[in-house]
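Okay, so the sequence shown: first residue is 3 according to our numbering, each after it adds one.
The beta carbon of each residue, even a glycine, is placed where N, CA and C say it ideally should be.
Computed from a prediction, not measured in an experiment: that's the story for all the values here.
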Amino acid sequence: MPPPTLPRRRHILVGATGLAMGVVLRPASASAAAGDLAVAVAAYTQGAPVRTGKVKLDIAELVDNGNVVPITVTVDSPMTAADHVKSIAVFNEKNPQRDVARFTLGPRAGKASVSTRIRLATSQQLVAVARMSDDSYWSHTVNVIVTLAACIEGDP
3 MPPPTLPRRR
13 HILVGATGLA
23 MGVVLRPASA
33 SAAAGDLAVA
43 VAAYTQGAPV
53 RTGKVKLDIA
63 ELVDNGNVVP
73 ITVTVDSPMT
83 AADHVKSIAV
93 FNEKNPQRDV
103 ARFTLGPRAG
113 KASVSTRIRL
123 ATSQQLVAVA
133 RMSDDSYWSH
143 TVNVIVTLAA
153 CIEGDP
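Here's what the structure looks like:
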């Protein structure tokens, strides 16, 4: 009969190996999340280039509770028949689904501004993208720090 210390030693080695692999693999999943964000934006724009400007994503940079986070997206546009915002989309980096919200607008909207409340799983980057009537895309990116996370499905 083997001494009783062998199974404990094995369990410790297996646990240490699992912990080490978790630490080694963790940064790779973080970079995959950023890649997923870029893929989601590219799918929305159908590969068209996205320029920075015209769009303002208004959200607190430090959020106490990720369960209900107010956001407002405004776009600099005259909202005329010839020059208006067709749609606005908001994407996130680390929530289970990258698509947060999509809004369809037209020249009769009068003002290119939308507001809603969202849930944030953890501290992350948000991107608002506006599609204009000339089929150009404009964006604004904000980094948000969340102190109390929401909508966690597994490991965000």
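One or two residues paired with residue i in a DSSP bridge
{"i": "Thr-76", "result": "Lys-58, Ser-115"}
{"i": "Tyr-139", "result": "Val-52, Arg-133"}
{"i": "Gln-127", "result": "Asn-145"}
{"i": "Asp-101", "result": "Phe-93"}
{"i": "Thr-82", "result": "Answer is none; Thr-82 lacks a bridge partner."}
{"i": "Leu-150", "result": "Asn-67"}
Residue i vs residue j beta-carbon contact at 7 Å
{"i": "Gly-68", "j": "Ala-152", "result": "yes"}
{"i": "Gly-49", "j": "Met-81", "result": "no"}
{"i": "Ala-83", "j": "Pro-109", "result": "yes"}
{"i": "Val-75", "j": "Leu-107", "result": "no"}
6 Å Cβ shell around residue i - same chain, five flanking residues per side excluded
{"i": "Thr-47", "result": "Tyr-139"}
{"i": "Val-144", "result": "Leu-59, Ile-61, Leu-128"}
{"i": "Val-71", "result": "Val-65, Ile-120, Leu-122"}
{"i": "Thr-124", "result": "Lys-96, Val-148, Ala-151, Pro-158"}
Candidates the options, of which the one nearest residue i by Cα
{"i": "Val-2", "options": "Gln-126, Asn-145, Val-92, Asp-101", "result": "An answer regarding residue 2 cannot be provided, because it is not within the stretch 3 to 158 covered by the chain."}
{"i": "Val-148", "options": "Phe-105, Glu-63, Lys-56", "result": "Glu-63"}
{"i": "Ala-44", "options": "Ser-141, Leu-150, Val-146", "result": "Ser-141"}
{"i": "Val-57", "options": "Leu-150, Ile-90, Pro-51", "result": "Ile-90"}
{"i": "Met-134", "options": "Ala-114, Ala-42, Ile-73", "result": "Ala-114"}
{"i": "Gly-55", "options": "Val-146, Phe-105, Thr-118, Asp-78", "result": "Asp-78"}
Same chain, Cβ closer than 8 Å to residue i, five either side skipped, listed in chain order
{"i": "Leu-39", "result": "Phe-93, Asn-94, Glu-95, Arg-100, Gln-127, Val-129"}
{"i": "Asp-136", "result": "Asp-85"}
{"i": "Gly-37", "result": "none"}
Own chain residues within Cβ distance below 7 Å of residue i, not counting five before or after
{"i": "Ala-102", "result": "For clarity, residue 102 is Val in the given sequence; the question names Ala instead. Within the same chain, Val-102 has close Cβ partners Val-92, Phe-93, Asn-94, Ile-120."}
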